[in-house]
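See structure below.
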Amino acid sequence: METLGVFTISTHKTSPLNYYNNHRKCLSNCSTSTNSFNLWNPFYKQISPLHQSHKCRVVRMQVVGEDFELKQMKDMAAARKRWEALVREGKVKALTPREAGYAVQLSGKTLLDVRPKSEHDKAWVKNSSWIPIFDVDDSVDIGSLSKKATNFMLGGWWSGVPTLSYNNQFVRKVEEKFPKDTDLIVACQKGLRSLAACEMLCNAGYKNVFWVQGGLEAAEEKDFQREGPQPFKFAGIGGLSEFLGWTDQQRAAAAKEGWQYRLVFSARLVGLFLATDALFLAAQQVGRYLQEIKSH
């Protein structure tokens with residue numbers, strides 16, 4: 346259940362004269378499409394065996410990638426059906442954020458926060474228990490670094506969503522802290538990971554499991570006693586989109602707060618453009634300086 350990167354193959358075309366000099370690089374990074382080689386290439390006879398081998402590898406990798414994505418889609422569809430059945434059959438009781446807030450504040454029921462540390466540290470419910478089902482991957486092995494790089498390039502830089510890894514000690518830690526007859530209200534940021542956690546807890550023998558529908562992001566500030574530096578709705582955002590105020594949550598807040606709220610992010614956007622221009626001009630000056638050094 347670990348978060349996995351998606352393998353992608355980009356495509357580009359090269360001229361016949363450049364292909365012969367560049368084909369070794371293309372073979373090593375596997376980023377050339379099968380369209381970048383044509384039968385009219387004058388080097389066809391010389392590099393055809395190499396290209397054919399590369400073509401087979403690319404096709405195999407593409408098929409594996411497509412099969413993996415298809416398997417992920419099927420697994421997620423099957424999981425959703427199981428989770429919906431748990432709610433429909435009453436094994437997991439769905440609560441709105443407001444109902445969950447009443448249960449926690451008035452009835453003393455336990456709210457189990459299963460979000461990763463990156464979300465939990467921004468905002469959490471007072472007196473809640475935190476045991477993440479997925480948490481930020483802090484490992485530095487080659488496999489983890491590769492997943493982190495892939496996650497960053499596929500949008501992590503924009504959304505700020507870190508690479509997560511499955512906490513295989515999740516059920517054990519819950520069992521150590523709570524008896525099987527405890528009323529557990531399970532919450533995450535948007536409501537999906539908490540459903541997965543509910544299923545695992547039901548399978549482990551917990552009978553009184555409640556699910557916060559829509560997650561803490563759907564909660565209003567008055568629904569729970571919040572602790573932490575940010576509103577619940579902002580706990581799941583990050584990256585450049587948060588810095589510029591371009592997330593749905595921030596746009597909704599801007600509609601309520603007015604022009605003063607928008608002004609902050611407008612200033613950030615202008616500052617970003619100015620910084621980009623300054624870096625571009627600096628790079629040009631460095632290029633001219635290096636050319637002058639070479640000419641002398």
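Residue numbers (this note's numbering): 346 to 641. For every residue, glycine included, the Cβ atom is placed at its ideal position computed from N, Cα and C. For clarity, every value in this text was computed on a predicted model and none was experimentally measured.
> Can P442 and P461 be called in contact, C-beta distance under 8 Å?
Replying inline: no
> Which full runs of the beta strand (DSSP E) of 3+ residues lie inside the segment 483-541, going along the chain?
Replying inline: 509-511 and 529-532
> Taking DSSP as the reference, what is the three-state secondary structure of F569?
Replying inline: coil
> Can you round the beta-carbon distance between F588 and R613 to whole angstroms, since I take them to be within the 8 Å contact cut?
Replying inline: 6 Å
> In the DSSP assignment, what are the bridge partners of L457?
Replying inline: S474 and V531
> Between the beta-carbon of V459 and the beta-carbon of C533, is there less than 8 Å?
Replying inline: yes
> DSSP state of L384, grouped into three classes?
Replying inline: Because L384 carries a pLDDT of 30, less than 50, the predicted location of this residue cannot be relied on, and the following value inherits that uncertainty. Three-state result, L384: coil.
> Skipping 5 residues on each side, what residues in its chain have a beta carbon closer than 6 Å to that of Y650?
Replying inline: In the structure displayed, the chain extends from 346 to 641; residue 650 sits before or after that span and is not available.
> Which of the three DSSP states, helix, strand or coil, is assigned to K438?
Replying inline: strand
>> Check this for me: beta carbons of Y511 and F479, under 8 Å apart or not?
In response: yes
> Based on the DSSP secondary-structure assignment, which residues constitute the bridge partners of F555?
Replying inline: K438 and I530
>> Is the beta carbon of A439 closer than 8 Å to that of P576?
In response: no
>> Could you tell me the alpha carbon to alpha carbon distance between D528 and G435, rounded to whole angstroms?
In response: 14 Å
>> For a quick check, are the C-beta atoms of V554 and G536 less than 8 Å apart?
In response: no
> Over what stretch of residues does the alpha helix (DSSP H) that includes P622 continue unbroken?
Replying inline: Per the sequence presented here, residue 622 reads as Asp, with Pro not at that position. W604 to S640 is the extent of the alpha helix (DSSP H) around D622.
>> If you reduce the DSSP assignment to three classes, tell me which class D642 lands in.
In response: Past the boundaries of the shown model lies residue 642; the chain is included only from 346 to 641, so the question cannot be answered.
> According to DSSP, which residues form a beta bridge with D480?
Replying inline: S510
>> Just list the residues that DSSP pairs W296 with in beta bridges.
In response: The displayed coordinates of the chain run from 346 to 641. Any statement about residue 296 would go beyond what the structure contains.
>> So, under 8 Å CB-CB, G584 and S504 are touching, yes? Tell me the CB distance rounded to an integer number of Å.
In response: 5 Å
>> Considering only their Cβ atoms, is the gap separating S463 from V481 smaller than 8 Å?
In response: yes
>> My assumption, with CB atoms under 8 Å, is that V449 sits in contact with I530. Please give the rounded CB distance.
In response: 7 Å
> What do you reckon, are the CB atoms on G559 and K525 nearer than 8 Å?
Replying inline: no
> If you check the beta carbons only, do L456 and V470 fall under 8 Å apart?
Replying inline: yes
> Looking only at its own chain, which residues have a Cβ that is under 7 Å from the Cβ of A494, when we skip the five neighbours before and after it?
Replying inline: none
>> Considering only their Cβ atoms, is the gap separating E544 from R427 smaller than 8 Å?
In response: yes
> Which residues in the same chain as E562 place their Cβ atom closer than 7 Å to its Cβ, once the five residues preceding and following it in sequence are excluded?
Replying inline: Q534, K535, F577, K578 and G581
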